[in-house]
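Visitor: Got a structure for you, written out below as structure tokens; questions coming shortly.
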Amino acid sequence: MPELPEVEVTRRTVNEAVAGARVMALQMGKPLRWPLGCDPVTVAGQVVGAVQRRGKYLWMPLQGDAAGSPAGGLLWHLGMSGSLGWWPGQSAPARGVHDHVELLTDRGLLRLHDPRRFGALVWGPSLGEGQVARLLAGLGVEPLTEAWTAQHLHRALMGRRVAIKQALLAGDVVVGVGNIYASEALFRAGIDPRLAAGKLSKPRCERLVHAVREVLAEAVAAGGTTLRDFRNALGQQGHFQQATRVYDRAGLPCVACGQPVRRIVQGQRATYFCATCQRR
DNA sequence: CTGGGCTCCTGTCAGC
DNA sequence: TGCTGACAGGAGCCCA
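Per this note's numbering, residue 2 is the first one in the first sequence, and the count goes up by one each step.
This is the structure in structure tokens:
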């Protein structure tokens with residue numbers, strides 16, 4: 002479910018809710034992707050710092066009691082079907098079968114809802130900024146920062162024979178671009194998703210960098226994409242699904258030229274594109 | 001090192 | 001109505 006825009010929208014709403022809150026308890030239900038409960042540290046009594054995002058990961062630093070000494074934190078991933086929900090005070094409804102993590106604070110309850118359980122939560126006293134950076138060292142650049150340039154993209158793709166769509170998804174060149182936004186960005190850039198990544202010219206890299214940034218920024222502004230069940234931490238849906246131009250539109254006319262949008266499979270994932278508007 | 005395929009898990013929907 | 005198979009927003013791992 003969640004790509005960069007959905008995770009960013011989640012980050013903002015979660016941060017608003019829990020930054021500064023004191024943790025009362027952390028309860029785990031069914032195991033998630035990485036059952037790394039690490040050292041089962043007692044997080045109770047610690048204060049949540051500013052929630053940060055790296056790619057599709059959310060990091061929630063914790064601060065110890067007395068001197069406010071750093072005490073690691075919680076690293077979340079929403080996987081394919083995960084969402085974080087916030088209920089202030091005692092307003093939370095009864096825990097459902099797919100609610101697998103509960104972070105109880107003095108301000109309310111934060112819940113991870115994740116039917117498919119591809120999500121993850123890692124925590125521990127050593128999980129500070131440095132440790133998180135090491136864990137996520139293989140990730141590519143953030144597309145909404147100045148590090149995301151045509152120069153970087155062109156260089157990172159040099160010699161790579163995978164299709165550009167798959168290179169975007171892989172996450173080692175640029176982070177946060179998932180299946181929806183990869184198709185959308187390539188459509189906006191006019192690039193055939195099957196093109197070998199290493200064959201992108203500099204000008205086309207320029208256009209792709211711009212398209213990725215643009216589509217992600219628009220999606221964040223739209224509150225994300227809700228295809229089925231995405232909600233931000235306040236339970237609100239996104240509405241970028243109304244703005245997609247090719248994703249999930251197989252057979253429908255291309256918004257630019259009217260030719261039917263095509264659906265192909267790349268690396269076991271669906272890709273949508275217009276064979277007329279997008280060239281090799 | 002690269003690329004391709006499989007896998008984790010549950011829900012939903014199309015087709016017979 | 002009920003069953004079966006395909007497919008779904010991610011990404012780590014194994015193998016050639």
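Beta carbons: idealized from backbone N, C-alpha and C, even for Gly.
#1: So, under 8 Å CB-CB, G236 and G86 are touching, yes? Tell me the CB distance rounded to an integer number of Å.
#2: By Cβ distance, which residues of its chain are closer than 7 Å to L145, with the 5 residues on each side in sequence left out?
#3: Can you give me the start and stop residues for the beta strand (DSSP E) that F274 sits inside?
#4: Keeping to the same chain, check which residues put their C-beta closer than 6 Å to that of L169; ignore five residues upstream and five downstream.
#5: Using a Cβ-Cβ cut-off of 6 Å (strictly less than) and excluding sequence neighbours within five positions of L253, which residues of its own chain qualify?
#6: Classify T43: buried if its beta carbon has 16 or more other beta carbons within 10 angstroms, exposed otherwise.
#7: Please classify G120: does DSSP put it in a helix, a strand, or coil?
#8: Using DSSP with H/G/I as helix, E/B as strand and the rest coil, what is S184?
#9: Using the C-alpha atoms, what's the distance from H114 back to D230?
#10: May I have a chain-ordered list of the beta strand (DSSP E) segments no shorter than 3 residues that lie completely inside the segment 94 to 181?
#11: Report yes if the CB atom of L104 is closer than 8 Å to the CB atom of V24, and no otherwise.
#12: Check whether the Cβ atoms of V142 and H153 sit closer than 8 Å, and answer yes or no.
#13: What residues in its chain sit with their C-beta under 8 Å from that of A197, if we drop five residues either side in the sequence?
#14: How is R246 classed by DSSP in three states: helix, strand or coil?
#15: Are A212 and A190 touching if we call contact CB-CB under 8 Å?
#16: Closest to P89 by CA distance: which of G129, V15, S82, D193 is it?
#17: Would a C-beta distance cut-off of 8 Å place A73 and W124 closer than the cut-off?
#18: Which stretch, first to last residue, makes up the beta strand (DSSP E) that contains R54?
#19: Using CA coordinates, which residue listed in D107, Q28, G109 is at the minimum distance from L75?
Guide: Once the coordinates are examined:
#1: Sure, about 6 Å apart at Cβ, within 8 Å.
#2: By the criterion of a C-beta distance shorter than 7 Å, L145 is surrounded in its chain by R214, L217, A218, once the five residues flanking it on both sides are discounted.
#3: Segment 270 to 274, the beta strand (DSSP E) holding F274.
#4: Around L169: V178, A183.
#5: Excluding residues within five positions, the ones whose Cβ falls inside 6 Å are V262.
#6: By the 10 Å Cβ count, T43 comes out exposed.
#7: Residue state for G120 is assigned as coil, using DSSP reduced to three classes.
#8: Helix.
#9: Put simply, the backbone Cα of D230 is about 10 Å away from that of H114.
#10: Fully enclosed beta strand (DSSP E) runs of 3 or longer: 100 to 106, 109 to 114, 121 to 125.
#11: Yes, they are a contact pair.
#12: Between V142 and H153, the C-beta gap is smaller than 8 Å, which places the two residues in contact.
#13: These residues qualify, in order along the chain: R161, R162, V163, A164, I165.
#14: R246: coil per DSSP, three-state reduction.
#15: Against a cut-off of 8 Å, the Cβ pair of A190 and A212 comes out as a contact.
#16: Of G129, V15, S82, D193, the residue nearest in Cα terms is V15.
#17: Just to set this straight, residue 73 is Gly in the shown sequence, not Ala. Cβ atoms of G73 and W124: closer than 8 Å.
#18: In the DSSP assignment, R54 falls within the unbroken beta strand (DSSP E) covering 53 to 55.
#19: Taking only the C-alpha atoms, the option nearest L75 is Q28.
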